[in-house]
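Asks: Before we start, here is the structure in question, set down as structure tokens.
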Amino acid sequence: EPEVTQTPSHQVTQMGQEVILRCVPISNHLYFYWYRQILGQKVEFLVSFYNNEISEKSEIFDDQFSVERPDGSNFTLKIRSTKLEDSAMYFCASRNGVLTGNTIYFGEGSWLTVV
Amino acid sequence: SQQGEEDPQALSIQEGENATMNCSYKTSINNLQWYRQNSGRGLVHLILIRSNEREKHSGRLRVTLDTSKKSSSLLITASRAADTASYFCATGDYNNNDMRFGAGTRLTVKP
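Protein sequence lines correspond, in order, to chains A and B. Quick note: the first sequence uses this note's numbering, first residue 1, plus one each step. Quick note: the second sequence uses this note's numbering, first residue 116, plus one each step.
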């Protein structure tokens with residue numbers, strides 16, 4: 001069964017450094033998402049992406065964050081100048097968009113630890 | 116936003132018993148989805164119910180949706196220890212552009 005894949009599974013970075021989290025969505029999907037989950041807390045929406053541009057973004061997704069689809073398969077989340085509070089699990093997700101309101105599939109997540 | 120909120124926050128049952136979790140939301144929705152998350156793992160999609168549906172089944176799962184009360188329930192019948200996980204509801208608008216999750220129900224099934 002097709003799946004969303006994310007790399008790295010775990011990354012430790014120094015505060016102030018830039019981090020790029022990578023995702024390969026399911027191949028025929030058109031809508032892409034990033035969510036994050038701080039340890040023990042709920043899953044929070046960050047951003048959605050369609051047709052090479054941001055569709056929606058939350059209040060969390062400020063200028064520190066950016067997303068990009070550099071080629072036909074990858075979807076990346078860049079976090080600039082990381083802070084301790086950016087430590088979280090980051091989930092990529094995708095859906096095919098053929099039907100409205102259809103299932104969103106999630107990857108296994110990238111655990112980011114900022115020290 | 117169409118954020119779902121689950122209830123209870125935690126539920127502990129014996130293997131073989133049924134588990135019922137509830138979700139409430141505030142705005143109109145196009146669909147509601149339930150997900151499971153094992154500790155430290157990704158979100159696994161369980162079931163999607165559309166706003167014009169009232170009940171849906173998938174194996175041991177039964178989901179109901181009451182749009183007049185803006186609520187949904189997830190029933191897991193004949194629970195197993197492997198069902199131990201956190202369960203989240205998420206509501207989506209027409210485009211699912213910013214599907215929002217609640218805080219989840221932590222289910223523990225004791226063998």
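For glycine and all other residues, C-beta sits at the position ideal for the given N, C-alpha and C. Quantities reported herein were computed from a predicted structural model and do not represent experimental measurements.
Is residue 158 of chain B helix, strand or coil by DSSP?
Replies: In the structure shown, residue 158 of chain B sits in a strand (DSSP, three-state: E or B).
Asks: If we count the other Cβ atoms within 10 Å of its Cβ and call it buried at 16 or more, is residue 12 of chain A buried or exposed?
Replies: It is exposed - the Cβ of residue 12 of chain A has fewer than 16 other Cβ atoms within 10 Å.
Asks: Among B/223, B/226, B/217, B/208, which has the Cα closest to the Cα of residue 164 of chain B?
Replies: Looking at the Cα atoms, B/208 is the closest of the given residues.
Asks: Mind pulling the chain A residues with CB within less than 8 Å of residue 148 of chain B?
Replies: Per Cβ cutoff of 8 Å: 103, 104.
Asks: Taking just the CA atoms, how far does residue 191 of chain B sit from residue 47 of chain A?
Replies: Their backbone Cα atoms lie some 31 Å apart in a straight line.
Asks: In chain B, what lies closer than 7 Å to residue 151 of chain A by C-beta?
Replies: Residue 151 of chain A lies beyond the stretch modelled for chain A, which goes from 1 to 115, so this question has no answer here.
Asks: For residue 218 of chain B, which residues in chain A fall below 7 Å Cβ to Cβ?
Replies: The contacting residues are 42.
Asks: Would you call the stretch 48 to 59 of chain A and the stretch 118 to 129 of chain B touching, i.e. three or more CB-CB distances under 8 Å?
Replies: Segments in contact, no.
Asks: Could you check where the beta strand (DSSP E) with residue 127 of chain B kicks off and where it finishes?
Replies: Segment 125 to 129, the beta strand (DSSP E) holding residue 127 of chain B.
Asks: What distance in whole Å lies between the Cβ atoms of residue 91 of chain A and residue 43 of chain A, which are believed to be in contact at a cut-off of 8 Å?
Replies: So it is a contact: roughly 7 Å between Cβ atoms.
Asks: Is residue 160 of chain B close to chain A? Criterion is C-beta to C-beta, closer than 8 Å.
Replies: By this cut-off, residue 160 of chain B is an interface position.
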